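A.B. asks: Residue numbers (the working numbering), protein chains in the order written: chain A, 1 to 246; chain B, 1001 to 1246.
Note that CB positions come from ideal geometry on N, CA and C, so glycine has one too.
Note that this is a predicted model, so its numbers are computed, not measured.
Protein chains: 2
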Amino acid sequence: MELKRASEGEKGFEKVFAFLRERLLAGSLKPGDRLISERELATLLGVSRPIVREALRALTVLGIVEIRDRIGTVVTRPDVSVLNDFFTFALAQQADMLDDVMQARVAIECQAIRLACERANIADFERLQRALARIGETIDEADAGGMADFDFHRSIVVASHSETLTVLHGSLAGLLTHSHRSRRELVQAFPSMKTYLIDDHRRIFEAVIARDPERADATLRKHFAIGDEYRRRAVVGDIDKTSASR
Amino acid sequence: MELKRASEGEKGFEKVFAFLRERLLAGSLKPGDRLISERELATLLGVSRPIVREALRALTVLGIVEIRDRIGTVVTRPDVSVLNDFFTFALAQQADMLDDVMQARVAIECQAIRLACERANIADFERLQRALARIGETIDEADAGGMADFDFHRSIVVASHSETLTVLHGSLAGLLTHSHRSRRELVQAFPSMKTYLIDDHRRIFEAVIARDPERADATLRKHFAIGDEYRRRAVVGDIDKTSASR
DNA sequence: GTCAGCATACTGGTCTGACCAAGATCAGAC
DNA sequence: GTCTGATCTTGGTCAGACCAGTATGCTGAC
């Protein structure tokens, strides 16, 4: 058989994985389809059930398939949340990589805001506006303030209506959560940051509303740069109550 | 034991996976480390070996770990090829995702080129220059031309000296390979693309050399936009031998 | 004829114990 | 001191078994 031939040289796991991969890529297995049972798969491919389970588990962590207890294995619509898993592992091992990850976040957001300028709808605007208002309300609270900040940026990405960007941003932002929070704590100590936070976000919001990609990108970029500057100053203990240069 | 408690409620697979996840995220398991044997892990966690193998296989497809036959299981530096796997599956079922992924690529590259303007060293410049020359040499070859094009863009990202961006770009670019290639085939039919390709890349190169982030970003962005435009025209059959508007 | 209720077949979830092949290791021969 | 081979350990795999629920279909009551 053709399939047999294609997967002859492979070991057990590879055989099963390749078999399912073929079907999935060819489209003969579509989201929603229920796979044949593990036992059938095992006898069909001439391997043992544990091996089949390895392959199914592999597809599960890839988000391709879902194993439902006592129901069966069904093909799912690929969920990007698996990337989160991966990135969490990948970036957890390089702690000094935070600045680097931040670069990726800037990349994603700056592109997202351009798309948002084109694609955002009323609901997106409203969400952004709510997030903006919340930033003002929570400016004195480290925790809630951080969340509001995050939500604002998140709203921009969501407004881009790009699933890929949204997913990437989600996983990157997750990694930056604690650094984000620690940065927010600076706000309490240095009032100049308050106006920076509020004004900057408002400017960004306005640029999106105006559907001006260039301005939005530039403003957002500046926003990040200033945040960076604050952080740098904090590190060297040089920060004071004067505004960061703009 | 603390660990026991944390993983008490979970089923076999989850227990093992969570156990390893903890160690990996906490950093007590670092790349290069060799895990204890499957049998030991099984008895340690009170599960059977097949279950342990499921978990290890799961980590393998996530690129976190590598199972070496008759050697043992070692922690690897996370490899992006996993993402490739995932996206391959994901895109097989949602072809319209390509444009979306492209947005992410644009995001990464535009940020990368900004960093490249700041951080690129002589070696980076030389690599870029070689790639640029190669684009000119292979302008009439679909395959080699595509590779040269890819290498140029890749060189930009590498020159950013950002590991995260490089990693992300690597996985995204892999996905776009075939679309990239099909686009390159247009070159043969429509000579106007040749000048577009050569001139654009040269302009991008010059902007990096000049270490002008704004210009580099803008030029690169325009480059992508024009490529998009070509593709759009090809789709609607409207393309002709005139240059795309610039 | 219809429908509720239960038995059975089937599903995934797991375990046990076993065998194989080949790298790693160390004792013993030279 | 070096080399060789037996042994230990490793991953790779298999077969068969049990459990706990789901789905289904059959049976019997209405």
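Is the Cβ-Cβ distance between residue 1049 (chain B) and residue 1039 (chain B) less than 8 Å?
C.D. replies: Within the second sequence, the letter at position 49 stands for residue 1049 (chain B). Within the second sequence, the letter at position 39 stands for residue 1039 (chain B). Taking 8 Å as the Cβ cut-off, residue 1049 (chain B) and residue 1039 (chain B) qualify as a contacting pair.
A.B. asks: Would you give the residue range spanned by the alpha helix (DSSP H) that residue 158 (chain A) belongs to?
C.D. replies: As a first step, residue 158 (chain A) is located in the first sequence; it is residue number 158 there, counting from the start. Element bounds for residue 158 (chain A): 142 to 159.
A.B. asks: Contact defined as beta carbons within less than 8 Å: I believe residue 1055 (chain B) pairs with residue 1087 (chain B). What is the distance between those atoms, to the nearest angstrom?
C.D. replies: Within the second sequence, numbered from 1, the residue matching residue 1055 (chain B) stands at position 55. Within the second sequence, numbered from 1, the residue matching residue 1087 (chain B) stands at position 87. Going by Cβ atoms, the distance from residue 1055 (chain B) to residue 1087 (chain B) rounds to 24 Å, so no, they are not a contact pair.
A.B. asks: Do residue 1035 (chain B) and residue 1044 (chain B) count as a contact pair if the criterion is CB distance below 8 Å?
C.D. replies: Working through the second sequence from its first residue, we reach residue 1044 (chain B) at position 44. Working through the second sequence from its first residue, we reach residue 1035 (chain B) at position 35. No. Outside cutoff.
A.B. asks: What residue range is occupied by the uninterrupted alpha helix (DSSP H) comprising residue 136 (chain A)?
C.D. replies: Along the first sequence, one-based indexing puts residue 136 (chain A) at 136. Segment 122 to 137, the alpha helix (DSSP H) holding residue 136 (chain A).
A.B. asks: How would you call residue 62 (chain A), buried or exposed, if buried means at least 16 neighbouring beta carbons within 10 angstroms?
C.D. replies: For this step, residue 62 (chain A) is matched to residue 62 along the first sequence. Residue 62 (chain A) comes out buried.
A.B. asks: Determine, using beta-carbon pairs with one atom in the stretch 151 to 169 of chain A and one in the stretch 106 to 113 of chain A, whether at least three such pairs fall under 8 Å.
C.D. replies: They touch, by the three-pair rule.
A.B. asks: Which of helix, strand or coil does DSSP assign to residue 1064 (chain B)?
C.D. replies: Against the second sequence, residue 1064 (chain B) aligns to sequence position 64. In this structure, residue 1064 (chain B) counts as coil in the three-state DSSP scheme.
A.B. asks: By how many angstroms is the C-alpha of residue 1205 (chain B) removed from the C-alpha of residue 1243 (chain B)?
C.D. replies: Taking the second sequence and counting its residues from 1, the one referred to as residue 1243 (chain B) is at position 243. Taking the second sequence and counting its residues from 1, the one referred to as residue 1205 (chain B) is at position 205. Model confidence at residue 1243 (chain B) stands at a pLDDT of 47, short of 50, so the residue's coordinates are unreliable; what they give is reported in the following sentence. The alpha-carbon atoms of residue 1243 (chain B) and residue 1205 (chain B) are separated by roughly 21 Å.
A.B. asks: Can you name the residues that DSSP bridges to residue 82 (chain A)?
C.D. replies: In the first sequence, counting from the first residue as 1, residue 82 (chain A) sits at position 82. Paired residues: none, contrary to the question.
A.B. asks: Can you give me the C-alpha to C-alpha distance between residue 148 (chain A) and residue 1195 (chain B), rounded to a whole angstrom?
C.D. replies: Mapped onto the first sequence, residue 148 (chain A) falls at position 148. Mapped onto the second sequence, residue 1195 (chain B) falls at position 195. One C-alpha to the other measures close to 48 Å.
A.B. asks: Buried or exposed: which applies to residue 1025 (chain B), given that a residue is buried once 16 or more other Cβ atoms fall within 10 Å of its Cβ?
C.D. replies: For the purposes of this step, residue 1025 (chain B) is identified with residue 25 of the second sequence, where counting begins at 1. With fewer than 16 other Cβ atoms within 10 Å, it is exposed.
A.B. asks: Please list, in chain order, the residues of the stretch 1102 to 1118 of chain B that have any C-beta partner in chain A closer than 8 Å.
C.D. replies: Residues 1103, 1104, 1106, 1107, 1108, 1110, 1111, 1112, 1115.
A.B. asks: Using the beta-carbon count (16 or more within 10 Å), is residue 1028 (chain B) buried or exposed?
C.D. replies: Working through the second sequence from its first residue, we reach residue 1028 (chain B) at position 28. The residue in question, residue 1028 (chain B), is exposed, as its Cβ has fewer than 16 Cβ neighbours within 10 Å.
A.B. asks: Would you mind telling me which residues of chain B sit closer than 8 Å to residue 191 (chain A), beta carbon to beta carbon, in chain order?
C.D. replies: Translated into positions along the first sequence, residue 191 (chain A) becomes position 191. Those within 8 Å of residue 191 (chain A) in chain B number zero; the least Cβ separation is about 31 Å.
A.B. asks: Which residues in the same chain as residue 1200 (chain B) place their Cβ atom closer than 6 Å to its Cβ, once the five residues preceding and following it in sequence are excluded?
C.D. replies: Numbered from 1 along the second sequence, position 200 holds the residue referred to as residue 1200 (chain B). Only 1223 meet the Cβ criterion.
A.B. asks: If contact means a Cβ-Cβ distance below 7 Å, which residues of the stretch 131 to 162 of chain A contact chain B?
C.D. replies: So the list reads 162, given in the order they occur along the chain.
A.B. asks: Quick one, are the C-beta atoms of residue 1266 (chain B) and residue 1102 (chain B) less than 8 Å apart?
C.D. replies: No statement about residue 1266 (chain B) is possible, as the shown extent of chain B runs from 1001 to 1246 and does not include it.
A.B. asks: Going by DSSP, what residues sit across from residue 1070 (chain B) in a beta bridge?
C.D. replies: Residue 1070 (chain B) sits at position 70 when you count from the first residue of the second sequence. For residue 1070 (chain B), which the question treats as bridged, DSSP gives no partner whatsoever.
A.B. asks: Within this structure, are the beta carbons of residue 1073 (chain B) and residue 1067 (chain B) separated by less than 8 Å?
C.D. replies: Translated into positions along the second sequence, residue 1073 (chain B) becomes position 73. Translated into positions along the second sequence, residue 1067 (chain B) becomes position 67. Yes.
A.B. asks: Of all the alpha helix (DSSP H) runs that stay within the bounds of the stretch 207 to 238 of chain A, which reach a length of 4 or more residues?
C.D. replies: Listed in chain order, the complete alpha helix (DSSP H) runs (minimum 4 residues) inside the stretch 207 to 238 of chain A are 213 to 236.
A.B. asks: Since I believe residue 98 (chain A) is in contact with residue 171 (chain A) (beta carbons under 8 Å), could you give me their beta-carbon distance rounded to a whole number of angstroms?
C.D. replies: By one-based count along the first sequence, residue 171 (chain A) stands at place 171. By one-based count along the first sequence, residue 98 (chain A) stands at place 98. Not a contact, Cβ separation roughly 14 Å.
A.B. asks: What span of residues does the alpha helix (DSSP H) with residue 1105 (chain B) cover, start to end?
C.D. replies: The residue labelled residue 1105 (chain B) in the question sits at position 105 within the second sequence. Residues 1097 to 1119.
A.B. asks: Check residue 52 (chain A) in the structure and name its three-state DSSP category.
C.D. replies: On the first sequence, residue 52 (chain A) is found 52 positions in, with the first residue counted as 1. Looking at residue 52 (chain A) - three-state DSSP - the assignment turns out to be helix.
A.B. asks: Run the CB neighbour count on residue 1155 (chain B), radius 10 Å, all protein chains shown included, and call it buried at 16 or more, exposed below.
C.D. replies: As a first step, residue 1155 (chain B) must be located in the second sequence, where it is residue number 155. Classification for residue 1155 (chain B): buried.
A.B. asks: What's the call for residue 1122 (chain B), buried or exposed, on a 16-neighbour Cβ count within 10 Å?
C.D. replies: What you label residue 1122 (chain B) is simply residue 122 of the second sequence in a count that begins at 1. Label assigned to residue 1122 (chain B): exposed.
A.B. asks: Could you spell out where the alpha helix (DSSP H) holding residue 1019 (chain B) opens and where it closes?
C.D. replies: Translated into positions along the second sequence, residue 1019 (chain B) becomes position 19. Segment 1012 to 1026, the alpha helix (DSSP H) holding residue 1019 (chain B).
A.B. asks: Strictly under 8 Å for the Cβ-Cβ distance: is residue 1073 (chain B) near chain A by that measure?
C.D. replies: Within the second sequence, numbered from 1, the residue matching residue 1073 (chain B) stands at position 73. No - not a single Cβ of chain A is within 8 Å of the one on residue 1073 (chain B).
A.B. asks: Check whether chain B comes within 8 Å of residue 127 (chain A), counting only Cβ atoms and requiring the distance to be less than that.
C.D. replies: For the purposes of this step, residue 127 (chain A) is taken as residue 127 along the first sequence, with counting starting at 1. Output row for residue 127 (chain A): interface = no.
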